[in-house]
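So in numbering that gives the first Met the number 0, spot 239 of the sequence shown is number 238, and the numbers just go up one at a time.
Glycine included, each C-beta is placed from N, C-alpha and C at the ideal position.
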Amino acid sequence: MIRVRIPATTANLGPGFDCMGLALDLWNDFELHPIESGFEVETHGEGSQTLSKDASNLVVSTLLDELKSLGTRAPSGFRVLCHNTIPAASGLGSSSTATLAGLLFAHAIHLSQCEQDPAEIDREQVLKRAVEIEGHGDNVAPALLGGFVIVVPDKDGVLTQRIPYVPIKTVVCVPDYAYLTTQARAALPATYSKSDAIFNIGRAMLVAEALRTGDDAMLAQSMNDRIHEPYRFPAVPGAIDARERALGAGAVCVALSGAGPGVIAFAREGYDRIGRSMNSAFAEAGLHSRYWILDATDQGVHIGRMPV
Numbered sequence: 000m001i002r003v004r005i006p007a008t009t010a011n012l013g014p015g016f017d018c019m020g021l022a023l024d025l026w027n028d029f030e031l032h033p034i035e036s037g038f039e040v041e042t043h044g045e046g047s048q049t050l051s052k053d054a055s056n057l058v059v060s061t062l063l064d065e066l067k068s069l070g071t072r073a074p075s076g077f078r079v080l081c082h083n084t085i086p087a088a089s090g091l092g093s094s095s096t097a098t099l100a101g102l103l104f105a106h107a108i109h110l111s112q113c114e115q116d117p118a119e120i121d122r123e124q125v126l127k128r129a130v131e132i133e134g135h136g137d138n139v140a141p142a143l144l145g146g147f148v149i150v151v152p153d154k155d156g157v158l159t160q161r162i163p164y165v166p167i168k169t170v171v172c173v174p175d176y177a178y179l180t181t182q183a184r185a186a187l188p189a190t191y192s193k194s195d196a197i198f199n200i201g202r203a204m205l206v207a208e209a210l211r212t213g214d215d216a217m218l219a220q221s222m223n224d225r226i227h228e229p230y231r232f233p234a235v236p237g238a239i240d241a242r243e244r245a246l247g248a249g250a251v252c253v254a255l256s257g258a259g260p261g262v263i264a265f266a267r268e269g270y271d272r273i274g275r276s277m278n279s280a281f282a283e284a285g286l287h288s289r290y291w292i293l294d295a296t297d298q299g300v301h302i303g304r305m306p307v
C-alpha cells in the first residue's frame, strides 16, 4: 500500500535540549503490505536480531493505537517490512522513525478507507501526534521535515521553524552500550538554577546562528550545555574521553547525539581520524563502537504509494 523513508536525526545539539534537531543522511525504510489476516513484522539490517516482531513492535503498536484515535478500523491483515540502516538505541532517532512510520501508515489507511489518496497525508497533523507521543519534537520534527529544525510545544500544537544552514559533516560514534532514553531522562535533575537556564538559552541561540552562517569559531564556543550533558556523559563509559579525543583530532565541536550513547562531532576534515579517535576511547573503556560519517540532509520523510 505505502512505503515511507525516514532519516536519522541528532537532537539537542548541545544546549538546545528538547527543542533543536538536525536530519542526517542515514535512512530507515518501511513498507506496509496487505495480507489475508493478522499481522507480520520483518526487519532487515540494524536491529534485525533484537527488535520485536509482535504487537509490542513500535511501528505496529503506534499504527494500531493511531487507528483507534482516528476512529478507523484496522485492516484484516497487514505486513510491515523494515529496512534499517540507523542503529537502534544509539541517539540517532531510530525509535522516532518507527513512531513516524506507524503514524504515517495509520493515516494512509485512514485516507484509503475514506477513498482518498493514501500518500496525501497531513504532515502537520502527524507531527503534532508524534510530539504528543514522544513528549518532545527534536527528533520527529527534523525527521519529518528535513534539515535543521527548532521545535517547541504550543497551546495549539507545535511551533516549528526550519533554519537554513551551511553544510557541515558529522562523525557519529556509537558504542555498544545499553543506555535507554528512559534512563537518560531519569538521570536529570527536577529543577535548574537561573544561571544554568540563561547559559543554555544564550548558547542555543548561538548554535543556531553558527550553523546558519557557517561560523565554526562560534559553533565551537557555543556547543556547551548545563541541562543534560553533565549528567549523561559520565553515565556512558568512555564518552567523556571520546569527546576530548575527537576535539584533539580536529573536530570543531562535540556533543552527545540526542540522549546518547552516541557521540557526535562536527568537522570540516579528518573525519576518519576523528572517528578512529572516538573508537579508541570507547575501546579503552571496554566497549566496541562503530562510527558513521554523515552529511546533514534537507530531505525529510519520503512517502510513496505501492501497488495493492
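For residue i, report the span of its beta strand (DSSP E) as first-last.
{"i": "histidine 82", "result": "76 to 83"}
Could you check if residue i is buried or exposed, using at least 16 other CB atoms within 10 Å of its CB as the buried criterion?
{"i": "glutamate 317", "result": "No statement about residue 317 is possible, as the shown extent of the chain runs from 0 to 307 and does not include it."}
{"i": "threonine 212", "result": "exposed"}
{"i": "alanine 282", "result": "exposed"}
{"i": "alanine 177", "result": "exposed"}
{"i": "valine 139", "result": "buried"}
{"i": "isoleucine 34", "result": "exposed"}
{"i": "threonine 181", "result": "exposed"}
{"i": "glycine 90", "result": "buried"}
{"i": "tyrosine 290", "result": "buried"}
{"i": "cysteine 113", "result": "exposed"}
Taking the DSSP output, what are the residues bridged to residue i?
{"i": "isoleucine 162", "result": "Phe147"}
{"i": "arginine 4", "result": "Asp28, His301"}
{"i": "methionine 19", "result": "Ile149"}
{"i": "glycine 156", "result": "Asp153"}
{"i": "histidine 43", "result": "His82"}
{"i": "aspartate 294", "result": "Lys168"}
{"i": "alanine 337", "result": "Residue coverage of the chain in this structure runs from 0 to 307, which leaves residue 337 outside it and unanswerable."}
{"i": "threonine 9", "result": "Leu21"}
Taking DSSP as the reference, what is the three-state secondary structure of residue i?
{"i": "glycine 92", "result": "coil"}
{"i": "arginine 231", "result": "helix"}
{"i": "tyrosine 270", "result": "helix"}
{"i": "arginine 289", "result": "strand"}
{"i": "lysine 168", "result": "strand"}
{"i": "glycine 37", "result": "strand"}
{"i": "valine 251", "result": "coil"}
{"i": "alanine 264", "result": "strand"}
{"i": "arginine 185", "result": "According to the sequence provided, residue 185 is alanine. The question's arginine does not apply to it. In the structure shown, alanine 185 sits in a helix (DSSP, three-state: H, G or I)."}
{"i": "glutamate 174", "result": "Inspection of the sequence shows that residue 174 is occupied by proline rather than by glutamate. The answer is strand: DSSP assigns proline 174 an E or B state."}
{"i": "glutamate 114", "result": "coil"}
For the alpha helix (DSSP H) that contains residue i, what are its first and last residues?
{"i": "leucine 63", "result": "57 to 69"}
{"i": "arginine 202", "result": "193 to 212"}
Meets three-Cβ-pair contact criterion under 8 Å: the stretch 159 to 173 and the stretch 270 to 287
yes
Can you find at least 3 beta carbon pairs, one from the stretch 203 to 218 and one from the stretch 7 to 17, that sit closer than 8 Å?
yes
Is there contact here, the stretch 123 to 142 with the stretch 88 to 103, by at least three beta-carbon pairs under 8 Å?
yes
Would the stretch 146 to 156 count as touching the stretch 97 to 104 if we require 3 or more Cβ pairs under 8 Å?
no
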